[in-house]
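Peer 1: Below you will find the structure I want to go over with you.
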Amino acid sequence: MLKDISTKAPKGIDKDNTKEELDHILKDLDKLQNLLYADGKNSLLIVIQGMDASGKDGLTRDVFTSMNPQGVNVKSFKEPTPEELAHDFLWRIHQHVPAKGMIHIFNRSHYEDVLITRVHGMIDDKTARQKMKAINDFERMLTEQNDTHILKFYLHISQKEQLQRLEERLEDPQKMWKYNANDFKESKLWDKYMRYYEDVFKHCNEVPWHIVPSDQNWYKSHMVANTLRKTMQDLHMKYPGMKK
Numbered sequence: 002m003l004k005d006i007s008t009k010a011p012k013g014i015d016k017d018n019t020k021e022e023l024d025h026i027l028k029d030l031d032k033l034q035n036l037l038y039a040d041g042k043n044s045l046l047i048v049i050q051g052m053d054a055s056g057k058d059g060l061t062r063d064v065f066t067s068m069n070p071q072g073v074n075v076k077s078f079k080e081p082t083p084e085e086l087a088h089d090f091l092w093r094i095h096q097h098v099p100a101k102g103m104i105h106i107f108n109r110s111h112y113e114d115v116l117i118t119r120v121h122g123m124i125d126d127k128t129a130r131q132k133m134k135a136i137n138d139f140e141r142m143l144t145e146q147n148d149t150h151i152l153k154f155y156l157h158i159s160q161k162e163q164l165q166r167l168e169e170r171l172e173d174p175q176k177m178w179k180y181n182a183n184d185f186k187e188s189k190l191w192d193k194y195m196r197y198y199e200d201v202f203k204h205c206n207e208v209p210w211h212i213v214p215s216d217q218n219w220y221k222s223h224m225v226a227n228t229l230r231k232t233m234q235d236l237h238m239k240y241p242g243m244k245k
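The sequence shown begins at 2 in the working numbering and counts up one residue at a time.
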């Protein structure tokens with residue numbers, strides 16, 4: 002269960018050394034992303050989920066801005082528009098999956114349709130199970146038919162850390178623009194969110210989830226970047242030869 006998983010870096014992990022290693026990883030990722038684009042045979046879909054203030058935006062900035070922006074796309078999924086609601090729930094998602102050679106990042110994702118909707122009683126358990134089956138089919142189709150490699154990260158923070166970060170948005174002028182009074186209301190539903198997140202991890206795990214301790218941003222960024230680097234290295238990509 003999530004409550005049994007630490008939200009902090011393991012003891013003995015040195016912050017300065019970890020940040021220095023992250024710099025090296027980011028340089029590798031820049032080269033690997035260029036290779037991914039040139040090779041043109043695979044794509045990467047990065048799914049980032051987490052509670053409010055878990056650091057989704059910061060993670061995207063810290064890990065992915067070192068890459069060529071021509072090969073990276075970020076999509077944040079907000080409340081569905083009337084047009085999106087007129088279609089099946091995956092319609093708006095499918096439009097933003099990566100083409101071969103590309104890295105796409107989902108800041109929140111199709112999983113919102115089986116998380117916040119359940120927390121607020123918008124759908125029942127039967128409907129949620131049907132949607133989770135559709136999600137599994139969708140992800141399987143991407144991996145098997147389009148060589149899309151999916152990495153799913155849950156940014157695991159404590160409720161105490163979340164509330165501290167939300168309070169900072171009331172005090173720090175550089176963070177006030179992020180303030181949303183509704184975030185504090187959602188935080189009161191923490192136990193419900195944790196229950197439904199665990200249900201997602203149980204039923205949507207054909208593509209495994211990475212639970213990332215995220216109370217400390219330096220460790221969170223390192224863990225995600227290192228996982229991404231290993232995934233890309235394992236693709237055994239090659240630069241194509243000169244076109245004739």
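Where is the CB? At the ideal position from N, CA and C, for every residue including glycine.
Just so you know, these numbers come straight off a predicted model, no measurement behind them.
Can you say whether Thr-66 is buried or exposed, counting buried as having 16 or more other CB atoms within 10 angstroms of its CB?
Peer 2: Per the 10 Å Cβ criterion, exposed.
Peer 1: Using the rule of at least 16 other Cβ atoms within 10 Å of the residue's Cβ for burial, across every protein chain shown, is Met-52 buried or exposed?
Peer 2: So Met-52 ends up on the buried side.
Peer 1: Could you round the C-beta distance between Thr-232 and Leu-152 to whole angstroms and report it? I think they count as a contact, below 8 angstroms.
Peer 2: Yes, they are in contact, since the Cβ atoms of Thr-232 and Leu-152 sit about 6 angstroms apart, within 8 angstroms.
Peer 1: In terms of alpha-carbon separation, which member of Trp-92, Arg-93, Ile-106 and Asp-138 lies closest to Gln-1?
Peer 2: No answer is possible for residue 1: it lies beyond the span of the chain, which begins at 2 and ends at 245.
Peer 1: Three or more C-beta pairs under 8 angstroms: does that hold for the segment 116-126 against the segment 92-104?
Peer 2: Judged by Cβ distances under 8 angstroms, the segment 116-126 makes no contact with the segment 92-104, as fewer than three pairs qualify.
Peer 1: Just to confirm the assignment, what range does the beta strand (DSSP E) spanning Asn-108 have?
Peer 2: Start and end: 104-108.
Peer 1: Can you tell me which of His-237, Met-243 and His-111 puts its alpha carbon nearest to the alpha carbon of Asn-43?
Peer 2: Of His-237, Met-243 and His-111, the residue nearest in Cα terms is His-237.
Peer 1: Examine the Cβ distances between the segment 71-80 and the segment 184-195 and report whether three or more of them are shorter than 8 angstroms.
Peer 2: Judged by Cβ distances under 8 angstroms, the segment 71-80 makes no contact with the segment 184-195, as fewer than three pairs qualify.
Peer 1: Hey, Val-201 and Phe-154: beta-carbon distance below 8 angstroms or not?
Peer 2: Result no, Cβ atoms of Val-201 and Phe-154 do not sit closer than 8 angstroms.
Peer 1: Cα separation between Glu-169 and His-223?
Peer 2: Whole-angstrom Cα-Cα distance: 24 angstroms.
Peer 1: Taking all protein chains shown into account, do 16 or more other C-beta atoms lie within 10 angstroms of the C-beta of Thr-149, making it buried, or fewer, making it exposed?
Peer 2: That one is buried.
Peer 1: Going along the chain, which unbroken runs of the beta strand (DSSP E) with 3 or more residues stay wholly within the segment 70-132?
Peer 2: With a minimum length of 3 residues, the continuous beta strand (DSSP E) runs that stay inside the segment 70-132 are 73-77 and 104-108.
Peer 1: Given Asn-35, which residues of its chain have a CB within under 7 angstroms of its CB, disregarding the five upstream and five downstream residues?
Peer 2: Asn-69, listed in sequence order.
Peer 1: Quick one: which unbroken beta strand (DSSP E) runs of 3-plus residues sit fully inside the segment 134-177? Chain order, please.
Peer 2: Listed in chain order, the complete beta strand (DSSP E) runs (minimum 3 residues) inside the segment 134-177 are 149-157.
Peer 1: Terminal residues of the continuous beta strand (DSSP E) containing His-211?
Peer 2: Start and end: 210-214.
Peer 1: Give the single residue among Val-48, Pro-11, Pro-174 and Tyr-38 whose Cα lies nearest to the Cα of Asn-108.
Peer 2: The candidate whose alpha carbon is nearest that of Asn-108 is Val-48.
Peer 1: Apart from the five residues on each side of it in sequence, which residues of its chain come closer than 6 angstroms, Cβ to Cβ, to Phe-139?
Peer 2: Only Leu-91 meet the Cβ criterion.
Peer 1: Between Glu-168 and chain D, is any beta-carbon pair separated by less than 8 angstroms?
Peer 2: This model lacks chain D altogether, as it is built from one protein chain only.
Peer 1: Do you know how far the Cα of Lys-32 is from the Cα of Ser-55?
Peer 2: Taking the straight line joining both Cα atoms gives about 28 angstroms.
Peer 1: Output needed for Asp-63: all residues of its chain with C-beta closer than 6 angstroms, excluding positions within five of it in sequence on either side, in chain order.
Peer 2: Here the set comprises Ser-222.
Peer 1: Thinking Lys-9 and Gln-217 are a contact (beta carbons under 8 angstroms), I'd like their distance in whole angstroms, please.
Peer 2: Contact flag correct, Cβ pair sits at about 6 angstroms.
Peer 1: Count the other C-beta atoms from every protein chain shown that fall within 10 angstroms of the C-beta of Tyr-240, then say buried if there are 16 or more, exposed otherwise.
Peer 2: It counts as exposed.
Peer 1: Where does the unbroken alpha helix (DSSP H) through Gly-59 begin, and where does it stop?
Peer 2: Here the alpha helix (DSSP H) through Gly-59 covers 57-65.
Peer 1: For the putative contact between Lys-132 and Val-115, defined by C-beta atoms under 8 angstroms, what is the C-beta separation to the nearest angstrom?
Peer 2: Right, their Cβ atoms sit about 5 angstroms apart.
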